[in-house]
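Here's the structure, in structure tokens; my notes come after.
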Amino acid sequence: MKFDYAPAPESSAIVTIEPKYDLYIDGKFVPSKSGKRFATINPANEKVLSEVTGATTTDVDKAVKAATAAFKKWSKLTGAQRGKYLYRIARIMQERAREFAVLETMDNGKPIRETRDIDIPLAAAHFFYHAGWADKLDYAGLGNNPAPHGVVGQIIPWNFPLLMLSWKIAPALATGNTVVLKPAETTPLTALLFAEVCEQAGLPRGVVNILTGDGSTGAALVNHPGIQKIAFTGSTEVGKLIARSVAGAKKSVTLELGGKGANVIFEDAPIDETVEGIINGIFFNQGHVCCAGSRLLVQENIKNEVLEKLKRRMSLIRVGDPLDKNTDLGAINSRAQLMKIQELTESGIAEGAHRWSPDCQLPEQGFWFPPTFFTEVSQAHRIAREEIFGPVLSVISFRTPSEAIEKANNTPYGLSAGVWTDKGSRILWAAKELKAGVIWANTFNKFDPASPFGGYKESGWGREGGRHGLAAYLKGAHS
Amino acid sequence: MRIDVRKTYKLFIGGQFPRSESGRSYELLSPKKKFLANPALASRKDLRDAVVAARSASEKWASATAFNRSQILYRIAEMMEGRRAQFIDEVMAQEGISSAAATKEVDAAIDLWVWYAGWCDKVSTIYGATNPVSGSFYNFTTPEPMGVVATFIDGNSALLDIVQGIAPIIAGGNSAVAIAHEKFPLSALTLAEVIATSDVPAGTVNILTGKASEIAPWVGSHMDIDGVDTTGLSAALHQEIKVSGADNLKRISKFSEAASPHRILAFMEEKTVWHPIGI
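Chain order of the listed sequences is F and P. Just so we're aligned: the first sequence equals residues 1 to 479 in my numbering. Just so we're aligned: the second sequence equals residues 480 to 758 in my numbering.
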């Protein structure tokens with residue numbers, strides 16, 4: 001007898017998507033004079049959801065002017081006043097959480113279980129947390145009379161659209177800056193819905209401006225002389241371009257970039273919990289996570305046992321309709337990303353690694369990739385060095401703890417790492433030795449507004465979240 | 480009349496005092512154009528050697544206890560105090576200032592080591608955090624050294640500037656490659672002798688003399704340097720390093736304040752650790 005899951009789709013009736021969106025500048029939606037519209041699709045079925053506007057240099061200029069004008073008043077409000085606006089925003093996001101979750105799932109392709117339980121609650125919590133900082137900056141230990149930069153240009157990625165928006169906007173507003181934000185080309189809809197939240201919260205016009213567009217809109221934002229600070233989350237490649245292009249300007253920059261996180265499993269780790277952690281480390285959000293545990297470093301004597309259990313667990317992963325409440329692995333965000341994942345996995349095979357995926361039926365429409373791992377991976381293989389940003393794990397073994405650390409640190413990235421062991425002293429030793437900004441010990445992929453996030457080396461500059469994250473938005477502050 | 484024995488001023492790399500591998504030196508004159516010395520004119524290869532030495536030393540220095548580092552920085556101050564007269568002479572010779580002014584500078588330089596010595600075991604306390612995350616986790620953040628930091632020494636003073644440039648870097652547990660100011664190699668190398676005899680592990684501090692403008696491009700593009708203090712560079716060279724330094728996203732800072740925890744923290748990374756709480 002076979003017991004199977006019945007479909008349990010979340011209704012999309014809760015969201016209203018306009019056929020077309022303009023740009024949100026100075027408190028209202030305004031059309032661009034010359035910007036072309038482009039479609040945003042649901043990656044799970046390739047259906048067009050809406051058409052949004054590609055903001056031009058002229059639109060960027062208009063938004064920066066609005067933000068500059070708004071800064072004069074916004075920065076003069078007391079911290080308590082700014083904080084109250086942020087509290088309102090947090091509450092409205094909580095009230096409209098299901099709407100945001102469904103919309104995010106439709107535009108991004110990630111499972112409703114994740115948008116409902118992780119993305120949206122964390123995004124609201126980020127505003128709530130920073131609301132409380134707004135009137136306590138003098139106590140933050142970030143220098144005397146901490147002052148905002150002015151207008152902040154923010155560019156966010158497509159993997160956690162609303163959550164990354166909140167990581168950017170909440171600290172910027174709490175510290176008294178105003179914002180021009182560009183959501184990712186493939187996931188603009190929750191940012192546009194956020195504009196409505198700002199309206200409902202009565203946020204003064206021009207404090208938050210939202211410009212949809214592609215890389216050219218982002219470049220115009222980065223290079224605009226009226227922007228005092230750039231905050232970017234995205235690829236290391238683009239991060240380096242930004243760093244070079246603002247080298248001559250007096251602009252403060254924070255970057256959250258790529259990673260190739262090592263998830264280190266020692267022989268005494270509790271295997272069943274560890275396997276759950278490996279799954280969460282690489283298959284959470286389809287592996288579209290800069291801090292994913294994409295390199296599994298497993299001690300040689302337990303490798304076979306771990307891999308057998310991992311295979312069994314991976315066979316239970318449900319891939320399919322992101323709106324289905326039982327879905328574990330949703331759609332790949334775009335065709336371009338799917339092609340990148342395919343290209344890298346093919347390189348893995350060509351370079352001699354062994355691929356394994358469970359039998360799983362992928363939907364015919366949309367962009368999909370099955371959960372996958374590679375064994376026989378050498379440290380020189382591209383799949384061990386390059387960020388795949390998909391549900392693909394590279395398995396590498398080690399014999400001694402020092403070999404584990406050496407292999408884990410053998411990367412230009414330094415965003416995250418995991419450690420699994422029953423021994424407390426080994427956890428603290430490994431955490432000290434690993435060159436990464438976030439270390440998850442006996443857990444993985446946990447996030448919180450109070451917890452600073454960001455990387456060493458080529459994973460970026462600065463931190464987001466916690467007391468340390470405030471420094472990015474205050475002049476001359478050091479954390 | 481006794482003919483004095485003069486000192487040969489060489490580089491300081493990996494705890495040794497080699498000549499430049501390029502075989503080059505330059506003539507150093509006092510402000511009154513009196514011959515002082517032929518210090519080494521460091522090359523790209525010397526920089527590479529210094530970075531290799533700094534990288535090899537970094538693990539040992541970074542893993543020394545904060546209290547131990549604190550005592551070693553204090554030891555540097557003790558050693559300098561014993562060589563006060565020599566430092567005063569060299570500062571006077573290079574800067575052409577009075578004995579009183581030179582004494583003031585040397586005293587300030589020694590005291591700055593004492594100030595930074597005390598920071599070694601306070602940085603984590605003041606700038607770390609325990610973070611009250613939602614969920615059953617213990618979560619803490621602590622600043623950690625990033626590795627190898629190059630520092631271009633400013634030319635306002637012969638001794639104080641080089642202490643400002645080196646002390647905060649090693650106080651935070653990083654290794655330093657200092658490029659002394661072209662005008663002031665003598666006190667830089669005498670400081671190297673002090674460091675060499677103060678229990679600072681070899682390679683933790685390396686000092687090159689020569690032209691900053693010649694070394695700067697190689698510092699910017701070197702892929703094994705994590706951070707750069709550009710205080711001693713012109714605005715143009717600072718910008719150049721920011722462009723080439725983007726190749727590995729170096730942390731690049733220019734400072735105006737002499738004594739500030741900012742100078743330590745600019746070359747530290749905040750590391751956040753999560754662990755579940757449970758029975």
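Glycine residues also receive a C-beta, built at the ideal position from the N, C-alpha and C atoms.
Where the alpha helix (DSSP H) containing Asn108 of chain F begins and where it ends: 97-108
Candidates F:Pro148, F:Val60, F:Lys325, F:Lys407: closest to Tyr5 of chain F by CA position: F:Lys325
Backbone CA spacing between Asp633 of chain P and Glu749 of chain P [nearest angstrom]: 28 Å
Status (buried if at least 16 other CB within 10 Å, exposed otherwise) for Thr186 of chain F: buried
Min CB distance Asp448 of chain F to chain P below 9 Å: yes
Proximity of Leu474 of chain F and Leu142 of chain F at Cβ, strictly below 9 Å: yes
Given Tyr617 of chain P as reference, the closest of F:His468, F:Ala472, F:Ile427 once Cα atoms are compared: F:Ile427
DSSP bridge partner residues for Lys20 of chain F (one or two, in chain order): F:Glu51
Limits of the beta strand (DSSP E) - the one that Leu480 of chain F falls within: There is no way to answer for residue 480 of chain F, as the model of chain F reaches only from 1 to 479.
Selection from F:Leu181, F:Pro270, F:Leu296 that minimises the alpha carbon distance to Gly281 of chain F: F:Leu296
Three-way DSSP call (helix, strand, coil) for Arg355 of chain F in this model: strand
For Thr604 of chain P and Arg463 of chain F, the rounded distance between their alpha carbons: 18 Å
Which of helix, strand or coil DSSP assigns to Ala532 of chain P: helix
Proximity to Ser451 of chain F [Cα-Cα], best of P:Ser613, P:Asn547, P:Ile758, P:Ser499: P:Ser613
Min CB distance Lys432 of chain F to chain P below 9 Å: yes
Buried or exposed by the 16-neighbour rule on C-beta atoms within 10 Å, applied to Val48 of chain F: exposed
Selection of the stretch 563-587 of chain P by Cβ proximity to chain F, strictly under 9 Å: none
Within chain F, the residues that Val531 of chain P reaches when beta carbons sit closer than 7 Å: The contacting residues do not exist; Val531 of chain P stays about 18 Å from chain F at best.
Residue environment, Gly259 of chain F, which counts as buried when at least 16 other CB atoms sit within 10 Å: buried
Beta carbon proximity, Tyr456 of chain F to chain P, threshold 9 Å: yes
Interface positions of the stretch 513-546 of chain P facing chain F (Cβ-Cβ less than 7 Å), listed along the chain: none
Contact test: Gly215 of chain F Cβ vs the ligand COA heavy atom, cutoff 8 Å: Ligands displayed in this structure: none; no statement on the ligand COA is therefore possible.
Contact under 9 Å by Cβ, Val30 of chain F with Lys62 of chain F: yes
C-beta atoms of Gly607 of chain P and Ile743 of chain P nearer than 9 Å: no
Cβ of Pro401 of chain F within 9 Å of any chain P Cβ: no
Cutoff 9 Å: Asp726 of chain P Cβ touching any chain F Cβ: yes
Where the beta strand (DSSP E) containing Glu500 of chain P begins and where it ends: It is not in any beta strand (DSSP E) - Glu500 of chain P carries neither H nor E in the DSSP assignment.
Chain P within 9 Å of Lys517 of chain F, Cβ atoms only: Past the edges of chain F, shown from 1 to 479, lies residue 517 of chain F, and the structure says nothing about it.
Spatial distance of Leu192 of chain F from Glu18 of chain F (CA atoms): 10 Å
Alpha carbon of Ala8 of chain F to alpha carbon of Arg113 of chain F, nearest angstrom: 11 Å
Touching by the beta-carbon criterion (3+ pairs, under 8 Å), the stretch 517-535 of chain P and the stretch 486-505 of chain P: yes
Inter-residue spacing [alpha-carbon to alpha-carbon] between Ala384 of chain F and Glu403 of chain F: 16 Å
Gly330 of chain F vs Gly27 of chain F beta-carbon contact at 9 Å: no
Contacts around Gly575 of chain P, its chain only, beta-carbon distance under 7 Å, and the 5 residues preceding and following it disregarded: Ser509, Pro510, Lys511
Given Ile210 of chain F as reference, the closest of F:Gly202, F:Ile156, F:Asn263 once Cα atoms are compared: F:Ile156
CB contact flag (Asn445 of chain F, Cys198 of chain F, <9 Å): no
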